[in-house]
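Participant:
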Amino acid sequence: MDLETQISNLDGGYEKLTTTISKQGEQWHREINAIINKMKTEISEIKVKHRDTLQKHLDEIKQIQTLIKQTLIALNEIEKSTAVAPTIEYNSKIREFSKLPPKLQVKLPTYIPKPIDREKLYSLFRHITPLSTATEENVLSLNQPNTSVRELLDKPELVATIQTGYEQLFGVTCLDEDGVWTHSLTNKIKCFNIKGSLLQTIGTESGQRPNDIVVNSDGDLLYSDWETTTVNKVKNGQTEELITLPEEWTPAQLCVTSTGDLLVTMFSTDRSKVVRYSGSTVKQTIQFDNKGKPLYSRNSAVKYITENRNHDICVADNSAGAVVVVYQDGKLRWRYTGHPSVAKNKSFEPYGITSDSQSRILTADRDNHCIHILDQNGRFLRYFDNCDLEDPYGLCVDNNDNLQIMDPLSTAQDVHRCDLCETAILASLDGGYEKLTTEISKQGEQWHREIDIVIDKMKTEINEIKVKHRVILQKHLDEIKQIQSLIKQTLLALYEIEKSTAVAPTIEYNSKIREFSKLPPKLQVKLPTFIPKPIDREKLYSLFGQITPLSTATEENVLSLNKPNTLVRELLDEPELVATIQTGYEQLLGVTCLDEDSVWTHGMTNKIKCFNIKGSLLQTIGTKSGQSPHDIAVNSDGDLLYSDWLTRTVNKVKSGQIEELIRLQGWKPNQLCVTSTGDLLVTMYSDDYPQSKVVRYSGSTEKQTIQFDDKGKPLYSGNSYKKYVTENGNHDICVADYGAGAVVVVNQDGKLRWRYTGHPSVTKKKPFEPWGITTDSQGHILTADCYNHCIHILDQNGQFLRYIDNCDLEYPTGLCVDNNDNLFVSEYNKGNVKKIKYLRLTPNW
């Protein structure tokens, strides 16, 4: 085919390409619609199973409720009757009703849309062969090295969890594929293997916590010490000083480079910088950009650092809310300040940072509970937000590109608990599942938009190729036509010579054969082709998102014989004083219920007294130390527990004998609470007073520490003031923080739920400074407002309900509620314990 024909046929050839692309786009739209319909069908099927499961459980509960109602009516008739026989013949149903259907936890499934990677979608959609222009000249071909490439998994996998035992874990660094070093707010640096076994513990020379740790190329541990302003090396168990900073500078985070140099971030009063060391010698300082402005925020906030494989130096500047990356010579390359996301609502404040073998940069977004993954040019690739991450802080990657992440404030997996709320849950099912299908539809719309963008991009690409194709052919045609014109002129000249009888033109003629024998190179321009890739529906389905399966869990649900959960109690309009117990204490601090008929009390003496409801003294226990106890509690076996500030112990009194249960180091025990599961909650304060926390014990074993919120700020005031503690029926942990003037409530996992700082009142003029705290069967929280001579009653969400300010209360301190929801209040100056009825019983049919 000649060139002119090729040029004239170009439009038709390229039109076929765009038509093929459009057809592929239509096929993709059909596939997306098929996936949406498949997911909606899956959601509908799950909803039917969900409804059937709840309905069956509800029917079982209603059946038992009906039986209980019938039994109560029968008992009422027996009570009214004067006949003796029905009473004698009656068989108790308590044992029959004590075993309720198991508590049912059915979690609504979730739809997790995956971010659409447009470049990945583009590569899945097609392959357009590029415009091929070939001549007969040789082309030099360069071989490219074959490097190992690791792609990001669609869904990162949790491989292992190591429990370090730290209360606040701040850093992790890889020793090798099987071991990591860790550090926290103590002076102990611990090495664990991947199975969680403790291999080694190193103590800092100064006795203070390290700012950071790292391992050098010889496998030696390095750590920075803010107290001594040094960087130290631990070799064969011996600690030696490696670097001492100038007086005004403090070392912060560390990184060992690929060349064996050490990068140190450091801060002074108003400056921050990165310094490169070779051994103990300063090689480079990175502090300002090319305009003389500081590269990093000028404060002591965390600035984790790593080196990428291209030798870029990457700093996670927490205070600046940015990842700052400079070249090897210290010149600014780029800054990353986060990625727009509907799901990540909190500001981007990076903590740990590391890089992998593919030059990707990973940084911990603690407040949004995820990891950001960037390419080496600062382009966001994806989030890593599964594996139940909470407060990710320190990061490191081993030689096999396994990522190690540590959470500073959480060592346990969150378990969300939800009791069955009868018809309310059934009624809300449609709304919950409607949200799921709406999310799926929105994701489908987004995919359709992305596919249209890909199609338009391809058509544009085809048009650009067509323009280049036409230009190449036209240029080649013009060259050929120019030669054709010269040949034609030469042929005309030869024809004239041939007709001429003159000899001179023939003798003078120079042949043009050699000149014309070298034509322009033969040109082959192949029309590009569009090769539609087969659509892998399963792969597309996995890229579209994930529906978590319906989760159903049961738990034994035993009816308490002492505290029936089938009854509702409402607040009385006017609380009633039922009884007053005179204890004889001059300063009465606390009261705890032993049973419905008796209470234990304690005051500013070493004597702990037990009284019955009539005021008779049943028993007196003296503390071992001779000092007054900070608090008392009764465990599930009926044994008395008390905390002793002098000996730093919690003690148990069993059969009149005192035995030590818990001994603290560096802390003094304060108030106590025995939970519904038999655990013991202890509020405590440090010897130097600035720290307070709540610790959960199982027997003598520490299970949980609650001290900071999700931003690392203390939950409780740092002092030795009383912090009475109780557990609510929903397992919330409630602390009456006298020093903070607040009731602080966290959930079972230690996450802050709410704070209550008092209720506006004309008559309550003194500041709210709560003392005792307790809860009842209805989830109410009651706390003693000592100086306003009243009790505050709140619901489980912190909403004020009412005061108890009658019953002639004076300086109420300790509180407890018995199994029948009677309130016992200790009065500081009077030394009395008052029993108050504040709820009335209402059957719950």
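Just so we're aligned, residue 501 is where the sequence shown starts under the numbering used here, counting upward by one.
Cβ atoms here follow ideal geometry from the backbone N, Cα and C, with glycine treated the same way.
Have a look at Y462 and V815 and give me their C-alpha separation to the nearest angstrom.
Facilitator: Nothing can be reported for residue 462, as the shown portion of the chain is limited to 501 through 1345.
Participant: For M958 versus I521, is the C-beta distance shorter than 8 Å?
Facilitator: The residue given as residue 958 occupies position 458 in the sequence shown. The residue given as residue 521 occupies position 21 in the sequence shown. Closer than 8 Å, so yes.
Participant: In whole angstroms, what separates the C-alpha of G1199 from that of K733?
Facilitator: In the sequence shown, counting from the first residue as 1, residue 1199 sits at position 699. In the sequence shown, counting from the first residue as 1, residue 733 sits at position 233. Each residue's alpha carbon lies about 40 Å from the other.
Participant: For A752, does the count of other Cβ atoms within 10 angstroms reach 16, so buried, or fall short, so exposed?
Facilitator: Taking the first residue of the sequence shown as position 1, residue 752 is located at position 252. Flag for A752 reads buried.
Participant: What would DSSP say about I1291, mapped onto helix, strand or coil?
Facilitator: Against the sequence shown, residue 1291 aligns to sequence position 791. Here I1291 sits in strand by DSSP.
Participant: Give me whichever residues DSSP pairs with S684 in a beta bridge.
Facilitator: Counting from 1 along the sequence shown, the entry for residue 684 is found at position 184. Answer is L669, bridged to S684.
Participant: Evaluate L567 with the Cβ neighbour count: other Cβ atoms within 10 Å of its Cβ, from every protein chain shown; 16 or more gives buried, anything less gives exposed.
Facilitator: Taking the sequence shown and counting its residues from 1, one reaches residue 567 at position 67. Exposed is the call here.
Participant: Buried or exposed: which applies to S648, given that a residue is buried once 16 or more other Cβ atoms fall within 10 Å of its Cβ?
Facilitator: Taking the first residue of the sequence shown as position 1, residue 648 is located at position 148. Any reading at S648 must be qualified, since the residue scores a pLDDT of 49, below 50, and its modelled position is unreliable; no value is offered.
Participant: So for Y933, helix, strand or coil by DSSP?
Facilitator: Translated into the one-based positions of the sequence shown, residue 933 becomes position 433. Y933: helix per DSSP, three-state reduction.
Participant: Output needed for Q1171: all residues of its chain with C-beta closer than 8 Å, excluding positions within five of it in sequence on either side, in chain order.
Facilitator: On the sequence shown, position 671 is the one that residue 1171 refers to. So the qualifying residues of the chain are H1130, D1131, S1143, V1182, T1183, K1222, K1223, Y1224, V1225.
Participant: Exposed or buried, what is S1192 when buried is set at 16 or more other beta-carbons lying within 10 Å of its beta-carbon?
Facilitator: Taking the sequence shown and counting its residues from 1, the one referred to as residue 1192 is at position 692. S1192 should be labelled buried.
Participant: Is there at least one Cβ from chain C nearer than 8 Å to Q668's Cβ?
Facilitator: Included in the structure is just one protein chain, with no chain C present.
Participant: To the nearest angstrom, report how far apart D1095 and D1318 are at their CA atoms.
Facilitator: Within the sequence shown, the letter at position 595 stands for residue 1095. Within the sequence shown, the letter at position 818 stands for residue 1318. Cα to Cα, the separation comes out at about 7 Å.
Participant: For A1242, which option in K1251, H1280, A1284, T1275 has the closest C-alpha, if you only look at C-alpha atoms?
Facilitator: Position 742 of the sequence shown, counted from the start, is the residue given in the question as residue 1242. The residue with the shortest Cα to Cα distance from A1242 is A1284.
Participant: Report all residues from its chain with a CB closer than 6 Å to the CB of D1276; omit the five preceding and five following residues, and keep chain order.
Facilitator: For the purposes of this step, residue 1276 is identified with residue 776 of the sequence shown, where counting begins at 1. Within the same chain, D1276 has close Cβ partners V1317, D1321.
Participant: If I follow the unbroken alpha helix (DSSP H) through G513, where does it start and stop?
Facilitator: Sequence index remark: in the sequence shown, residue 513 carries index 13 (1-based). Segment 510-580, the alpha helix (DSSP H) holding G513.
Participant: Whole angstroms are fine: how far does the CA of D678 sit from the CA of L699?
Facilitator: Taking the first residue of the sequence shown as 1, we reach residue 699 at position 199. Taking the first residue of the sequence shown as 1, we reach residue 678 at position 178. Computed Cα separation, rounded: 11 Å.
Participant: Could you give the distance in angstroms between the alpha-carbon of N646 and the alpha-carbon of E939?
Facilitator: As a position in the sequence shown, residue 646 is number 146, starting the count at 1. As a position in the sequence shown, residue 939 is number 439, starting the count at 1. Residue placement at N646 cannot be trusted, given a pLDDT of 35 that sits under 50; the coordinates are not used to answer.
Participant: Check this for me: beta carbons of E741 and S768, under 8 Å apart or not?
Facilitator: Taking the first residue of the sequence shown as 1, we reach residue 741 at position 241. Taking the first residue of the sequence shown as 1, we reach residue 768 at position 268. Result no, Cβ atoms of E741 and S768 do not sit closer than 8 Å.
Participant: Might you give, ordered along the chain, the residues of its own chain that have their beta carbon closer than 8 Å to the beta carbon of N1332, omitting 5 neighbours on each side?
Facilitator: Here residue 1332 corresponds to residue number 832 of the sequence shown, with the count starting at 1. The residues are T1080, I1081, Q1082, T1083, L1088, S1326.
Participant: Tell me the rounded alpha-carbon separation between V1058 and S1176.
Facilitator: Taking the first residue of the sequence shown as 1, we reach residue 1058 at position 558. Taking the first residue of the sequence shown as 1, we reach residue 1176 at position 676. Its pLDDT being 47, under 50, V1058 is placed unreliably by the model, and nothing is read from it.
Participant: Assuming A752 is part of the beta strand (DSSP E), what are its boundary residues?
Facilitator: Counting from 1 along the sequence shown, the entry for residue 752 is found at position 252. Start and end: 750-756.
Participant: Since I believe H1289 is in contact with L1315 (beta carbons under 8 Å), could you give me their beta-carbon distance rounded to a whole number of angstroms?
Facilitator: For the purposes of this step, residue 1315 is taken as residue 815 along the sequence shown, with counting starting at 1. For the purposes of this step, residue 1289 is taken as residue 789 along the sequence shown, with counting starting at 1. At roughly 14 Å, the Cβ-Cβ gap does not stay under 8 Å, so L1315 and H1289 are not in contact.
Participant: Buried or exposed for K1203, going by 16 or more other Cβ atoms inside 10 Å?
Facilitator: To locate residue 1203, count along the sequence shown from 1; it is residue 703. Result: exposed.
Participant: How far does the alpha helix (DSSP H) with T587 in it extend, from its first residue to its last?
Facilitator: The residue labelled residue 587 in the question sits at position 87 within the sequence shown. Per DSSP, T587 belongs to the alpha helix (DSSP H) from 585-589.
Participant: Would R1104 be called buried (16 or more neighbouring beta carbons within 10 Å of its own) or exposed?
Facilitator: Stepping through the sequence shown from its first residue, residue 1104 is reached at position 604. Residue 1104 is actually Met in this sequence, not Arg. Exposed, since its Cβ has fewer than 16 Cβ neighbours within 10 Å.
Participant: Looking only at its own chain, which residues have a Cβ that is under 8 Å from the Cβ of L889, when we skip the five neighbours before and after it?
Facilitator: For the purposes of this step, residue 889 is taken as residue 389 along the sequence shown, with counting starting at 1. For L889, where only same-chain residues beyond five positions count, the Cβ hits under 8 Å are H869, C870, I871, I905, D907.
Participant: Spatial neighbours of T701 within its chain, please: C-beta separation below 6 Å, excluding the five flanking residues on both sides.
Facilitator: Residue numbering aside, residue 701 sits at position 201 when the sequence shown is read from its first letter. Counting only Cβ-Cβ distances below 6 Å, and skipping sequence neighbours, we find K688, K690.
Participant: Looking at W810: is its Cβ nearer than 8 Å to the Cβ of S758?
Facilitator: By one-based count along the sequence shown, residue 810 stands at place 310. By one-based count along the sequence shown, residue 758 stands at place 258. Here residue 810 turns out to be Asn, not Trp, going by the sequence shown. The answer is no: Cβ separation not under 8 Å.
Participant: Looking at D1097 and I1108, is the spacing between their C-beta atoms short of 8 Å?
Facilitator: Within the sequence shown, numbered from 1, the residue matching residue 1108 stands at position 608. Within the sequence shown, numbered from 1, the residue matching residue 1097 stands at position 597. No.
Participant: Assign E1008 to one of three DSSP states: helix, strand, or coil.
Facilitator: Indexing the sequence shown from 1 puts residue 1008 at position 508. Three-state DSSP puts E1008 in a helix.
Participant: Taking the alpha-carbon positions, what's the D919 to Q1299 distance?
Facilitator: In the sequence shown, the residue the question calls residue 919 occupies position 419. In the sequence shown, the residue the question calls residue 1299 occupies position 799. Because D919 carries a pLDDT of 27, less than 50, the predicted location of this residue cannot be relied on, and the following value inherits that uncertainty. Computed Cα separation, rounded: 21 Å.
Participant: Let me know the secondary structure DSSP gives W1145 once reduced to three states.
Facilitator: Along the sequence shown, read from residue 1 onward, the residue named residue 1145 stands at position 645. In the structure shown, W1145 sits in coil (DSSP, three-state: anything other than H, G, I, E or B).
Participant: Please work out which residues of its chain come closer than 6 Å, Cβ to Cβ, to Q1278, disregarding the five sequence neighbours upstream and downstream, and give them in chain order.
Facilitator: Residue numbering aside, residue 1278 sits at position 778 when the sequence shown is read from its first letter. Cβ neighbours of Q1278 beyond the five flanking positions: R1069.
Participant: What number of angstroms, rounded off, separates the C-alpha of Q784 from the C-alpha of Y777?
Facilitator: For the purposes of this step, residue 784 is taken as the residue at position 284 of the sequence shown. For the purposes of this step, residue 777 is taken as the residue at position 277 of the sequence shown. The straight-line gap from Cα to Cα measures roughly 7 Å.
Participant: According to the Cβ coordinates, are S800 and G821 closer than 8 Å?
Facilitator: Here residue 800 refers to the residue found at position 300 of the sequence shown. Here residue 821 refers to the residue found at position 321 of the sequence shown. No, these two residues do not count as a Cβ contact at 8 Å.
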